[in-house]
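Before any comments, here is the structure.
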Amino acid sequence: MNKKIIQKIKNINRLRTKLLIKYFPFYIDYKLSKRKGDCGDCSFCCGSCKDLSKKGKCLIYENRLINSNCFTEFPIDKLDLLITLGKYKEMCNYRW
Ligand code: SF4
Ligand code: SF4
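Heads up: the sequence shown begins at 1 in this note's numbering, then just goes up one per residue.
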């Protein structure tokens, strides 16, 4: 798939996540309560974030919420996982 189209889908997914967090927190709570696994700090979900070092470490980890594109709730559901990581979705430790 074209890179621009993929980026648009990712942007729509980010908007979806923001809206769900703001207006449907019960959905987020429900999905996170069903989620299994722990974050392995692989940083795959950080993508090309400007605050990600070349070694794959977050440069602002303690204050990462100042970055409006950073979601500590990731992945909120399977769709989020699929859209954000695509073929690398298996790299994430979280499952439902
Ligand atoms: S700010 Fe968030 S998305 Fe960016 S590198 Fe840090 S943890 Fe990853
Ligand atoms: S992809 Fe999954 S396991 Fe890796 S840093 Fe993101 S949330 Fe954690």
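Where is the CB? At the ideal position from N, CA and C, for every residue including glycine. Source: prediction; values computed, not measured.
Around the beta carbon of residue 66, a 10 Å sphere encloses fewer than 16 other beta carbons of the protein chains shown; the residue is thus reported as exposed.
Note on residue 39: under 16 other CB atoms within 10 angstroms of its CB, so exposed under the neighbour-count rule. Annotation for residue 43 indicates a beta carbon within 7 Å of some heavy atom of ligand 2. Looking at the backbone, the Cα of residue 27 and that of residue 80 are separated by about 13 Å. In terms of Cα proximity to residue 77, the closest of 88, 95, 90 is 95. Residue 36 carries a strand assignment under DSSP once its states are collapsed to helix, strand and coil. Distance from the Cα of residue 88 is smallest, within the candidate group 15, 3, 69, 47, for 47.
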